[in-house]
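A.B. asks:
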Ligand code: NDP
Ligand code: MG
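Residue numbers (my numbering): 1 to 383.
(1) I need the DSSP call for residue 168, collapsed to helix, strand or coil.
(2) Is residue 124 near the ligand MG, in the sense that its beta carbon is under 7 Å from a heavy atom of that ligand?
(3) Counting pairs of Cβ atoms below 8 Å between the segment 135-154 and the segment 102-117, do you hit three or more?
(4) Just to check, is the beta-carbon of residue 200 closer than 7 Å to a non-hydrogen atom of the ligand NDP?
(5) Going by beta carbon distance, what residues of the same chain come within less than 6 Å of residue 266, once the five residues before and after it are set aside?
(6) If contact is defined by three or more beta carbon pairs under 8 Å, each pair taking one atom from either stretch, is the segment 180-199 in contact with the segment 87-94?
(7) What residue from 225, 40 and 270 has the CA that sits closest to residue 153's CA?
(8) Residue 203 and residue 323 - do their beta-carbons sit closer together than 8 Å?
(9) Under a Cβ-count criterion, where at least 16 other Cβ atoms within 10 Å of its own Cβ denotes burial, should residue 122 be classed as buried or exposed?
(10) Going by alpha carbons, who is nearest to residue 201 out of 177, 311, 29 and 374?
(11) Classify residue 148: buried if its beta carbon has 16 or more other beta carbons within 10 angstroms, exposed otherwise.
(12) Report the three-state DSSP secondary structure of residue 249 (helix, strand or coil).
(13) Report back the beta-carbon spacing between residue 197 and residue 190 to the nearest angstrom; my notes put them in contact at under 8 Å.
(14) So if DSSP puts residue 112 in a beta bridge, which residue, or which two residues, is it bridged to?
(15) With which residues is residue 235 paired in a DSSP beta bridge?
(16) In whole angstroms, give me the CA-to-CA distance for residue 173 and residue 262.
(17) Closer than 6 Å from C-beta to any heavy atom of the ligand MG: which residues, in chain order?
(18) Using only the heavy atoms of the ligand NDP, determine whether one of them is closer than 7 Å to the beta carbon of residue 101.
(19) Under 8 Å, do residue 165 and residue 246 count as touching if we go by C-beta distance?
(20) With hydrogens ignored, establish whether the beta-carbon of residue 41 is closer than 7 Å to any heavy atom of the ligand NDP.
(21) Report all residues from its chain with a CB closer than 8 Å to the CB of residue 62; omit the five preceding and five following residues, and keep chain order.
(22) Quick one: what's got a C-beta closer than 8 Å to residue 231's C-beta in the same chain, skipping five residues either side?
(23) Going by the C-beta, is residue 60 closer than 7 Å to any heavy atom of the ligand NDP?
(24) Distance check for residue 83 and residue 128, CA to CA, integer angstroms please.
(25) Which residues does DSSP pair with residue 144 in a beta bridge?
(26) Could you tell me the boundaries of the beta strand (DSSP E) in which residue 38 lies?
(27) Which one of 142, 248 and 48 has the shortest CA to CA distance from residue 22?
(28) Shorter than 7 Å, the distance from the beta carbon of residue 49 to the closest heavy atom of the ligand FAD, or not?
(29) Cα separation between residue 237 and residue 243?
(30) Spell out the partners DSSP gives residue 95 in its beta bridges.
(31) Over the uninterrupted beta strand (DSSP E) stretch that includes residue 288, give me the two end residues.
(32) Using the Cα positions of residue 318 and residue 72, report the straight-line distance between them to the nearest angstrom.
(33) With burial defined as no fewer than 16 other Cβ atoms inside 10 Å of the residue's Cβ, what is the status of residue 192: buried or exposed?
(34) By a C-beta neighbour count over all protein chains shown, 10 Å radius and 16 as the cutoff for buried, is residue 1 buried or exposed?
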């Protein structure tokens, strides 16, 4: 009998949080949910705490925290301190980072110092601090398990092989909702159109990022650090059906791929229970039906975000953090209807151009670079 996983779920009320809870419901007794965190969704987080009898609930927003009436047996936490308490809870074996944004970074470093297993859905942790996070994880014997579907697929394809046997990583991309749009059509994209993804049901930020291919840019940076692989050995391949979640090409010419329907429950289940393979949560692919899988190269002209992410990764230092910050600011300006859709890559490009070549060495310096890039990007959205 395997001891249950003691899980902390940061971002329980979001899209990844929901998919995680789906997996947990399918596997009662395998996971005990020690802690959950949200930003301000009191009602939903209390319902989750009651359903899973969660002993620790962290609500980031102070007003929301004061409104919450915790069920008996649930202790409430608040703010960044609350997140840090949950990230280091004694007894927790796994911490799943399912929050959006850079706030995840400090809790992730603290979980690493406690030698937890970090299940990573959040992208910013590795985009901002890939080198620091991976070196700290090695130093403290913490385990990083990718839950982003592409990286989880690569992680699965790499089982049983050696690093020196990898020739390249083939990172698949759906191409987003505007894959076949003309330049003119891209100039007239509305928020409603950008929030609709053909294959995946995700939170708003990652849905917009998929449509601009900025998401694939962030994933390129994630993959570089997670798998310790040079950027030139990571090739992005557009695969509209989102069934092949990524592939690894080995030195002998064999290519391994991981396939499953486009639902995050598959990657999350694999990441949480790794290395065990438990009963599936959802039905898988049905090969008694015709199944078409297409692959094509990405178009850097219509989707410059991918090229910009690669340039940022090659420039190193704070450039990936600047890419992320500029993208976040530009996407928010687009959501607020202050910036046309096709200006998102322009804001990123200008921010990367105007930011000094910083080489942050510590967590504090990374946050300072992030802040400087946000201020630069904000100015660029107002031009
Ligand atoms: P959502 O917007 O759906 O959910 C965000 C979650 O983060 C909510 O639970 C929110 O709480 C919580 N949150 C935000 N800020 C804080 C904070 N300061 N403290 C505590 N909790 C906070 O996002 P997604 O689930 O789509 O994405 C989560 C992460 O996973 C992102 O980094 C994304 O890029 C990544 N990812 C998502 C995929 C997907 O399919 N959705 C696929 C692969 C990666 P509240 O509800 O209270 O606001
Ligand atoms: Mg992904």
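Built from N, CA and C at the ideal position, the CB exists for glycine as well.
C.D. replies: The structure says:
(1) Residue state, collapsed to three classes: strand.
(2) Incorrect: residue 124 has no Cβ contact closer than 7 Å to the ligand MG.
(3) With a cut-off of 8 Å, the segment 102-117 and the segment 135-154 count as touching, because enough Cβ pairs lie within range.
(4) Answer for residue 200: yes, Cβ within range of the ligand NDP.
(5) Taken in chain order, the residues that qualify are 260.
(6) Cβ pair count under 8 Å is below three, so no.
(7) Considering only 225, 40 and 270, the residue with the shortest C-alpha distance to residue 153 is 270.
(8) Not in contact: residue 323 and residue 203 (Cβ atoms no closer than 8 Å).
(9) It counts as buried.
(10) Among 177, 311, 29 and 374, the Cα nearest to that of residue 201 is on 177.
(11) It counts as buried.
(12) The three-state reading of DSSP puts residue 249 in strand, counting E and B together.
(13) With a Cβ gap of about 15 Å, residue 197 and residue 190 do not count as contacting.
(14) Per DSSP, none; premise fails for residue 112.
(15) Bridge partners of residue 235: 170.
(16) If you take the alpha carbons of residue 173 and residue 262, they lie about 12 Å apart.
(17) Any heavy atom of the ligand MG counts here; residues with a Cβ closer than 6 Å to one of them, in chain order, are 148, 149, 150 and 219.
(18) For residue 101, the shortest separation between its Cβ and any heavy atom of the ligand NDP lies below 7 Å.
(19) If you check the CB distance, residue 165 and residue 246 do not come in under 8 Å.
(20) Yes, since a heavy atom of the ligand NDP falls inside the 7 Å radius drawn around the Cβ of residue 41.
(21) In its chain, beyond the 5 residues on either side, 78 and 79 have a beta carbon closer than 8 Å to the beta carbon of residue 62.
(22) The beta carbon of residue 231 is closer than 8 Å to those of 220, 224, 310, 313 and 314 in its chain, skipping five residues each way along the sequence.
(23) Yes.
(24) Cα to Cα, residue 128 sits roughly 19 Å from residue 83.
(25) Beta-bridge annotation (DSSP): residue 144 is paired with 118.
(26) Its beta strand (DSSP E) spans residues 31-38.
(27) The residue among 142, 248 and 48 with its C-alpha nearest the C-alpha of residue 22 is 48.
(28) Within the structure as shown, the ligand FAD is missing, the only ligands being the ligand NDP and the ligand MG.
(29) Rounded to the nearest angstrom, the gap between the Cα atoms of residue 237 and residue 243 is 13 Å.
(30) Under the DSSP definition of a beta bridge, residue 95 partners with 8 and 118.
(31) Residue 288 -> no beta strand (DSSP E), and no H or E assigned at all.
(32) C-alpha separation (whole angstroms): 45 Å.
(33) Counting the other Cβ atoms within 10 Å of the Cβ of residue 192 gives fewer than 16, which makes it exposed.
(34) Exposed.
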